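2 protein chains.
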Amino acid sequence: MNNDLKQVIFDYLSGIKEDPQVVGVVLTGSAGREDMDQYSDIDNVIFVNGSTTIKEGKFMLGKYLFDSRIVNIEEIQSNWSEDMFFAYLNSSIVYDPGNIISKIITAKREEWTTRMLKRLQLALVELSVIYEFSDNWKGLKTVTHYHKFLDRNDYISAHRILNIGFEIILDILYLINNSPIPDIKNKIRLLPKVKILPNDANKLVNEVVLITSFDVNDLNRRYKALILFVNFIKDNIEKSQLHISDNIYQYYLANRA
Amino acid sequence: MNNDLKQVIFDYLSGIKEDPQVVGVVLTGSAGREDMDQYSDIDNVIFVNGSTTIKEGKFMLGKYLFDSRIVNIEEIQSNWSEDMFFAYLNSSIVYDPGNIISKIITAKREEWTTRMLKRLQLALVELSVIYEFSDNWKGLKTVTHYHKFLDRNDYISAHRILNIGFEIILDILYLINNSPIPDIKNKIRLLPKVKILPNDANKLVNEVVLITSFDVNDLNRRYKALILFVNFIKDNIEKSQLHISDNIYQYYLANRA
């Protein structure tokens, strides 16, 4: 973080600290992750204990667009959504006089690993209705919507469901790296940062994203790139020490929402 | 529904009815909507009051692949997820001796209209960070992730975020038709069934879905199709009697989760 921004944040915090209701402040988004560029907002969350007059929403401070959110401290003490795991486990705490925020985040980091295992298995089941696990890996073979759309000659729905399959694959790539899933806009941009990734991930991503025509050839081309992603994922799960069920479909039946 | 399937369902139900825990049975999915084809599963939900030995999951009955789910009746008496609204408001009740299921669904149909108004406004805010409301329609103008990706020359993330914008537009099209949002695989297939739709919706969908290269020209081509969708949506909201805030961004700040 450059000194100019540090100074702006320092000034911003000195105003906020005057409010006795404020428990802490964290930077989220790219400012929290320290992968900002000149187009980034300064996303931040102000945790309060009760009501406050501090302003919320977007406003300019110096040359930076701040996007501030007021959150009651009780909200992060209870259940976290997926986006909260990504936002807060990758945040920078900039004010936390009672160490309350830091304690919560540490506890949630533990909880994440358990949640990740469930999320990963449910994501594989979601994928199995798009990508066919023809070898019945971990009980995941079923008739896919993708192949039904092919049978119906509905090539536009087929392409679109491959898009959705690709989104699930992106999620799974983060999960096998024990990373919370980024907010939706960042899933491709942050991918190069994870450790376990196919060597030619860039090329494969391009291959899946392109949709050049509504016919079987173009669908086959994209599906082949998906196969390479899925084989990579299967190999890595096999090699890993992750506690994954031998029959993920059965796991899903017992654990779905 | 053909007579063969009717007979299979009749036989299936006669077994289920023997279990005194069963409160009712509904067909969901394409069987519930009566838009099945030869590739469709027979999705069905068996509502129970306590534990049962009826089997769940996928199995063949005659030439049909049944996909049965056991749900405790308490589950549909409490809060519904979005997928539940779509599944149950479009279901066919095939067994409901105490009229319990039918009463719940009728009450939830009322609830839907209120939820829809909230969902629609939140969806427009989600869209506003991808598609630029340059006229500041209903307070929605902001810097978009799409344009930031263009500025960064990150054309692959730009294409992908237009995909996400298109998914939001599909949701909004269902919402302005007062329809719950279909499960993800059906959003394109069921679109021709809604009433309020651009005349050239098919052509526009194709235009948005195609991604032929990673450059500004191809992005502009897709974005232009999005503009036409958004203009259609704005016009229809203006013409409608929907109770939508004049400043949707302010509404979002007050009503987000």
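Going down the list, the sequences are from chains V and Z. At position 9 of the first sequence the residue is numbered 8 (numbering that gives the first Met the number 0), and the sequence of numbers has no breaks. At position 72 of the second sequence the residue is numbered 71 (numbering that gives the first Met the number 0), and the sequence of numbers has no breaks. C-beta: ideal position from N, C-alpha, C; glycine also. Being a predicted model, the structure only gives us computed values, none of them experimental.
Fewer than three beta-carbon pairs drawn from the segment 132–147 of chain V and the segment 194–211 of chain V are found closer than 8 Å, and the two stretches are therefore not classed as touching. For Glu17/Z, the closest of Ala86/Z, Thr52/Z, Tyr130/Z by C-alpha to C-alpha distance is Thr52/Z. Put simply, the backbone Cα of Asn246/Z is about 22 Å away from that of Val70/V. Residue environment for Asp42/Z: buried (at least 16 other C-beta atoms within 10 angstroms of its C-beta).
Going by beta carbons, Val21/V and Ile210/Z fall outside the 8 Å limit.
Taking 8 Å as the threshold, the shortest C-beta distance from Arg118/Z to chain V does not fall below it.
Comparing C-alpha distances from Asp234/V to each of Pro197/V, Leu218/V, Tyr250/V shows the shortest one belongs to Pro197/V. When Met83/Z, Leu218/Z, Asp134/Z, Met35/Z are compared, the shortest CA-CA separation from Asp153/Z is found for Leu218/Z. Interface with chain V (8 Å Cβ-Cβ cutoff): Asn43/Z is excluded. Comparing C-alpha distances from Ile100/V to each of Asp34/V, Asp36/V, Ile72/V, Lys62/V shows the shortest one belongs to Ile72/V. In terms of beta-carbon proximity, Asp153/Z lines the interface with chain V, with at least one pair separated by less than 8 Å. Residue burial is scored here from C-beta neighbours: Val215/V has fewer than 16 other C-beta atoms within 10 angstroms and is therefore classed as exposed. As DSSP reads the structure, Asp66/V sits in a beta bridge with Asp42/V, Lys57/V. Contact of Leu209/Z with chain V by beta-carbon distance below 9 Å involves His158, Ile210, Thr211, Ser212, Phe213. By the C-beta criterion, the segment 156–169 of chain Z is judged not to be in contact with the segment 106–114 of chain Z, since fewer than 3 inter-stretch pairs fall below 8 Å. Here the alpha carbons of Ser178/Z and Lys194/Z stand approximately 10 Å from one another. Burial state of Ser50/V is exposed, judged by a 10 Å Cβ sphere holding fewer than 16 other Cβ atoms. Inter-residue distance for Leu88/Z and Phe165/Z is about 24 Å (C-alpha atoms, whole angstroms).
Shown here for Phe213/Z: same chain residues with a beta carbon closer than 8 Å to its own, the five before and five after excluded, namely Tyr154, Ile155, His158 in chain order. Interface residue (Cβ-Cβ distance to chain V less than 8 Å): Lys184/Z is classified as such. In this structure Asp40/V is buried. Its beta-carbon is surrounded by 16 or more other beta-carbon atoms within 10 angstroms.
Using a CB distance below 7 Å, the part of the segment 171–201 of chain Z facing chain V consists of Ile183, Lys184, Ile187, Arg188, ordered along the chain. According to the DSSP secondary-structure assignment, Gly23/V is paired through a beta bridge with Phe46/V. Residue range 91–94 is occupied by the beta strand (DSSP E) that includes Ile92/Z.
Between the alpha carbons of Leu225/V and Asp150/V lies a gap of roughly 19 Å.
Taking the C-beta atoms as reference points, Tyr94/V is found nearer than 8 Å to Gly23/V. Using a Cβ-Cβ cut-off of 8 Å, Asp150/V counts as an interface residue toward chain Z, since at least one Cβ of chain Z sits closer than that to its own. Close CB contacts of Gly61/Z within its chain, under the 6 Å cut and outside five residues either way in sequence, are with Val7 (chain order). Annotation: Cβ neighbours of Leu252/Z in chain V (cutoff 7 Å, chain order): Glu55, Gly56. Secondary-structure assignment with DSSP links Asn71/V through a beta bridge to Val47/V.
Secondary structure note for Met115/Z: its alpha helix (DSSP H) is the uninterrupted segment 99–127. Within 7 Å of the CB of Ile163/Z, the CB atoms of chain V belong to Ile183, in sequence order along the chain.
Nearest to Ile104/V by alpha-carbon distance, out of Leu26/V, Ile75/V, Leu64/V, is Ile75/V. The beta carbons of Ile15/V and Ile45/V sit closer together than 8 Å.
Between the beta-carbon of Leu139/V and that of Leu123/V there is about 6 Å, and that keeps the pair under the 8 Å contact cut. In this structure, the beta-carbon distance from Arg118/Z to Leu174/Z falls below 8 Å.
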